[in-house]
Amino acid sequence: KREVEKEARARQLTNRVMELLKELERTHERQREAEERIKAAYDAAAAGKRELAAAKEEAQRYQEAGGVEAKRRGEAEARVALLEAHERENETAHSALVADLGVAREL
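Given below as structure tokens:
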């Protein structure tokens, strides 16, 4: 009788050990899955950071190009203003010459 009880107890313990091993295996599998999700999230975050850095760099290039373009536009507007001033001076000088010519003809 005692031998039967020992064997029953041994089977119970063996079954419990097997259950614990299966649970440990499931725990390891869940851990691997969690690690994979963490790695995927890390990779996605890193890709997002790279994309953000590229977008910031592109925005900086556009801003710099815009600054260069604004400078060129300002320089062109200054040239136009200067040429318009010269044109007005030329018109004034022309008018003065025409007036002088008229006066000279009268003499």
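In terms of the working numbering, the sequence shown opens at residue 16 and continues consecutively. Even glycine gets a Cβ: it sits at the ideal position worked out from N, Cα and C.
CA-to-CA distance, residue j to residue i, given in whole angstroms
i             : j             : result
glutamate 44  : glutamate 66  : 33 Å
valine 32     : arginine 26   : 10 Å
alanine 91    : alanine 69    : 32 Å
valine 95     : glycine 89    : 10 Å
asparagine 30 : glutamate 20  : 15 Å
alanine 62    : leucine 28    : 50 Å
valine 83     : leucine 97    : 21 Å
glutamate 48  : threonine 42  : 10 Å
arginine 24   : arginine 52   : 42 Å
leucine 36    : lysine 64     : 41 Å
glutamate 102 : histidine 109 : 10 Å
leucine 16    : glutamate 22  : For clarity, residue 16 is lysine in the given sequence; the question names leucine instead. Answer to the nearest angstrom: the Cα atoms are 10 Å apart.
alanine 34    : alanine 59    : In the sequence as presented, alanine is not what sits at residue 34; that position holds glutamate. Whole-angstrom Cα-Cα distance: 37 Å.
lysine 54     : alanine 74    : 30 Å
leucine 112   : glutamate 106 : 10 Å
glutamine 78  : alanine 85    : 10 Å
glutamate 40  : glutamate 50  : 15 Å
As assigned by DSSP and simplified to three states, the class of residue i
i         : result
lysine 16 : coil
Counting only runs of 3+ residues fully inside the segment 79–113, write out the beta strand (DSSP E) ranges in chain order. Correct list: empty.
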